[in-house]
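Notes follow once the structure below has been shown.
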Amino acid sequence: MKKTIIFILKIVIIVVIVAWIALFVFDYFRATNGTKPTICLKEETIEVENGTYYRCTSFGYKYYEYVDNDQNTSYGFGAAFIKNDLEKELGV
1290 MKKTIIFILK
1300 IVIIVVIVAW
1310 IALFVFDYFR
1320 ATNGTKPTIC
1330 LKEETIEVEN
1340 GTYYRCTSFG
1350 YKYYEYVDND
1360 QNTSYGFGAA
1370 FIKNDLEKEL
1380 GV
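My numbering runs 1289 ahead of the 1-based position in the sequence shown.
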C-alpha cells in the first residue's frame, strides 16, 4: 500500500514538472513573437515619464513589454524574481 502511494506521488510530481516545462517553453516562444503569455497570475501596467511598461507574471517567469512615446516597442522574457535591465533603468 505504501509503495503504491509513493509511486502515485512520483507520477503526479513528474506530470506537474513536465506541464510546467511545456508551459514555460510555449510562453517563451510566444514572447519571442511579442505575444502575452497564456496564463498571467499578476498583470501590471505602469506609466513612466517616457512610455508605458507592462509586466505579466506567471509561474516563476515574467513577460515584459515597454512602449516609449515614439511607439517603439521592446519586450522580453525572464525570471520573475530578478529585475531585468529595463526595470532597473526605469526604476520600476
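Each residue gets a CB set at the ideal place from its N, CA and C atoms; glycine is no exception.
Quick one: measure Cβ to Cβ for residue i and residue j, integer angstroms, because I've assumed they're closer than 8 Å.
i       : j       : result
Thr1327 : Asp1316 : 6 Å
Gly1365 : Tyr1353 : 5 Å
Thr1346 : Ala1369 : 5 Å
On the three-state DSSP scale, how would you describe residue i?
i       : result
Val1356 : strand
Lys1291 : helix
Ala1368 : strand
Lys1331 : strand
Lys1325 : coil
Considering only C-alpha positions, which residue in the set the options is nearest to residue i?
i       : options                               : result
Gln1360 : Phe1366, Gly1340, Asn1373 and Ala1368 : Gly1340
Trp1309 : Cys1329, Lys1292, Phe1348 and Thr1293 : Phe1348
Leu1379 : Ile1297, Ala1320, Ile1295 and Glu1336 : Glu1336
Thr1362 : Thr1324, Lys1331 and Val1307          : Thr1324
Taking the alpha-carbon positions, what's the residue i to residue j distance?
i       : j       : result
Thr1293 : Thr1321 : 42 Å
Based on the DSSP output, what are the partners of residue i in its beta bridges?
i       : result
Glu1336 : Thr1341
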